[in-house]
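Undergrad: Here it is, the structure in full.
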Amino acid sequence: MFEGLSGRLGDVLEKLRGKGSISEDDVKEAMREVRVALLEADVALPVVKDFVAKVRARAVGQEVLKSVTPGQMVIKIVHDALVEMLAGEVGGAADDEDEDERSARKRDRVTEALDLNTTPPVPILMVGLQGSGKTTTSAKIGLRLKTMQRKKVLMASLDVQRPAAQHQLAVLGEQTGVDTLPIIMGQKPVQIAKRALDEGRKGGYDVVILDTAGRLAIDEELMEEVAEVRKITNPAETLLVTDAMIGQDAVVVATEFNEKVGISGIVLTRVDGDSRGGAALSMRAITGRPIKLMGTGEKMDALEEFQADRVAGRILG
Ligand code: GDP
Numbered sequence: 001m002f003e004g005l006s007g008r009l010g011d012v013l014e015k016l017r018g019k020g021s022i023s024e025d026d027v028k029e030a031m032r033e034v035r036v037a038l039l040e041a042d043v044a045l046p047v048v049k050d051f052v053a054k055v056r057a058r059a060v061g062q063e064v065l066k067s068v069t070p071g072q073m074v075i076k077i078v079h080d081a082l083v084e085m086l087a088g089e090v091g092g093a094a095d096d097e098d099e100d101e102r103s104a105r106k107r108d109r110v111t112e113a114l115d116l117n118t119t120p121p122v123p124i125l126m127v128g129l130q131g132s133g134k135t136t137t138s139a140k141i142g143l144r145l146k147t148m149q150r151k152k153v154l155m156a157s158l159d160v161q162r163p164a165a166q167h168q169l170a171v172l173g174e175q176t177g178v179d180t181l182p183i184i185m186g187q188k189p190v191q192i193a194k195r196a197l198d199e200g201r202k203g204g205y206d207v208v209i210l211d212t213a214g215r216l217a218i219d220e221e222l223m224e225e226v227a228e229v230r231k232i233t234n235p236a237e238t239l240l241v242t243d244a245m246i247g248q249d250a251v252v253v254a255t256e257f258n259e260k261v262g263i264s265g266i267v268l269t270r271v272d273g274d275s276r277g278g279a280a281l282s283m284r285a286i287t288g289r290p291i292k293l294m295g296t297g298e299k300m301d302a303l304e305e306f307q308a309d310r311v312a313g314r315i316l317g
């Protein structure tokens, strides 16, 4: 991912890097090229506009242009603005955990990216379009919670549209050794969700992962169904799973799910693919919700914490 964007931005910034002096016009010209590069990578227009305006305003400051290494400073400004675009702030989410506390137990940045501090069984709701990677990511999260945090996890598929989907989760459950709710045909998603939480309580589970149905495109019925499930389960996390290859549709999908269902975070899948990646760059800015995790392959351990500064570093090469 990001190869095209990375190459384009690299070229623009390379021109600035070695320069002993930079004029306002140099910055303007560079920002014009940055703008085109971001748009071509599928970053949403309003996000691009904000980004360019922010960088331009910071870069034409006198201290920058008059400094000994103006090119380097502009590159740093672009990097920081990218991190802000991806994380909402420089440095990403605040991590105020005590170092002793941290070393006292095994660290796992993936499960720690999730906010699961409610009374067990803690529900996690997975939402998104069909084929975005919800079921795979559910099982990845389940496995991770089980192995790294020693949590007892129950997974349930609420996809009554496609019986194959329920079966798929059961297979992944067997593969990972994570329990799945027995399938009862004919139940509605809300009934399955209630049954899952009930079983979660009775069975002494720490976490219940609810994998919802997705359509190929957004539709009202799907949104209402998912919103209803969210209302009755009150999940600690509602994760929108999105394929990094989604392109410009990302804006519509993220906005719809955020407005109609309400999401707490985003999981970006297929980051291992060769998509242009701009969708990923827009999601945080559009929804105001953090990108928490990223899927980096089909295997069950291919799940990583989304670290904005590392991703920005990768984009800038
Ligand atoms: P769902 O319809 O949203 O539940 O999507 P699935 O979980 O069934 O995933 C659809 C396909 O994408 C499957 O073939 C998965 O193996 C694949 N997939 C999911 N996440 C990733 C990822 O991070 N990387 C890659 N390469 N493939 C993935």
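The opening position of the sequence shown corresponds to residue 1 in UniProt numbering, with each subsequent residue numbered one higher. Cβ coordinates follow ideal geometry from the N, Cα and C atoms, glycine included.
May I have the straight-line CA-CA distance separating LEU169 from ILE141, to the nearest angstrom?
TA: Going from the Cα of LEU169 to the Cα of ILE141 covers about 13 Å.
Undergrad: Taking one C-beta from the stretch 194-212 and one from the stretch 229-249 each time, how about it: are there three or more such pairs within less than 8 Å?
TA: These segments touch.
Undergrad: Give a single yes or no on whether GLY214 has its beta carbon closer than 6 Å to a heavy atom of ligand 1.
TA: Result yes, Cβ under 6 Å from ligand 1.
Undergrad: CB-CB under 6 Å to LEU13, same chain, minus the five flanking residues each way: which ones, in chain order?
TA: Counting only Cβ-Cβ distances below 6 Å, and skipping sequence neighbours, we find ILE75.
Undergrad: What does DSSP give as the partner residues of MET155 in its beta bridges?
TA: Partner(s): THR180, ILE209.
Undergrad: Would you say GLN149 and THR118 are within 7 Å of each other, going by their C-beta atoms?
TA: Not a contact, by the Cβ cut-off of 7 Å.
Undergrad: According to DSSP, is MET1 helix, strand or coil?
TA: Here MET1 sits in coil by DSSP.
Undergrad: With distances taken between CB atoms, is the gap from SER264 to GLU237 smaller than 7 Å?
TA: Closer than 7 Å, so yes.
Undergrad: Output the residue ranges of the beta strand (DSSP E) runs that lie fully inside the stretch 223-297 and measure 3 residues or longer, sorted by chain position.
TA: Taking only runs of at least 3 residues, the beta strand (DSSP E) segments lying wholly in the stretch 223-297 are 237-243, 265-269, 291-295.
Undergrad: Whose C-alpha, out of ILE77, LEU45, GLU259, SER21, is nearest the C-alpha of ALA59?
TA: It is ILE77 whose Cα lies nearest to the Cα of ALA59.
Undergrad: With contact counted as at least three CB pairs below 8 Å, one residue from each stretch, are the stretch 22-34 and the stretch 248-268 in contact?
TA: As far as the Cβ criterion goes, the stretch 22-34 does not touch the stretch 248-268, which means the pair count is below three.
Undergrad: Mind checking who GLU305 pairs with in its DSSP beta bridge?
TA: GLU305 is bridged to LEU293.
Undergrad: Note down, in chain order, each residue of its chain lying with its Cβ closer than 6 Å to the Cβ of ASP206, except the 5 sequence neighbours on either side.
TA: The residues are PRO120, LYS151, LYS152.
Undergrad: Inspect the beta-carbon positions of VAL241 and THR137 and report whether they are closer than 7 Å.
TA: Cβ atoms of VAL241 and THR137: closer than 7 Å.
Undergrad: So is the beta-carbon of GLU298 under 6 Å away from any non-hydrogen atom of ligand 1?
TA: Yes, Cβ of GLU298 sits closer than 6 Å to a heavy atom of ligand 1.
Undergrad: Kindly examine ligand 1 and report whether one of its heavy atoms sits closer than 6 Å to the Cβ of THR136.
TA: Result yes, Cβ under 6 Å from ligand 1.
Undergrad: Would you mind sorting MET245 into buried or exposed? The rule is 16 or more other CB atoms within 10 Å of its CB.
TA: Under this definition MET245 is a buried residue.
Undergrad: List the residues that DSSP assigns as beta-bridge partners of LEU125.
TA: Looking at the DSSP assignment, LEU125 forms a beta bridge with LEU210, THR238.
Undergrad: Can you give me the Cβ contacts of ALA81 inside the same chain, cut-off strictly under 7 Å, excluding the 5 residues immediately before and after it?
TA: Same-chain partners within the cutoff: PHE51, LYS54, VAL55.
Undergrad: Tell me whether ALA165 sits in a helix, a strand or coil according to DSSP, three-state version.
TA: ALA165: helix per DSSP, three-state reduction.
Undergrad: Could you check if GLN130 belongs to the surroundings of ligand 1, using beta carbon to heavy atom distance under 6 Å?
TA: Answer for GLN130: yes, Cβ within range of ligand 1.
Undergrad: Alpha helix (DSSP H) containing LYS64: first to last residue?
TA: According to the sequence as given, residue 64 is Val; it is not Lys. It spans 62-65 - the alpha helix (DSSP H) in which VAL64 sits, taken as one unbroken run.
Undergrad: Nearest CA to the CA of GLU84: which residue from LEU154, GLU298, GLY288?
TA: Taking only the C-alpha atoms, the option nearest GLU84 is GLY288.
Undergrad: With a threshold of 16 other CB atoms inside 10 Å of the CB of LEU222, please say whether the residue is buried or exposed.
TA: So LEU222 ends up on the buried side.
Undergrad: Can you tell me which of the three DSSP states ARG35 falls into?
TA: Of the three classes helix, strand and coil, the one that applies to ARG35 here is helix, per DSSP.
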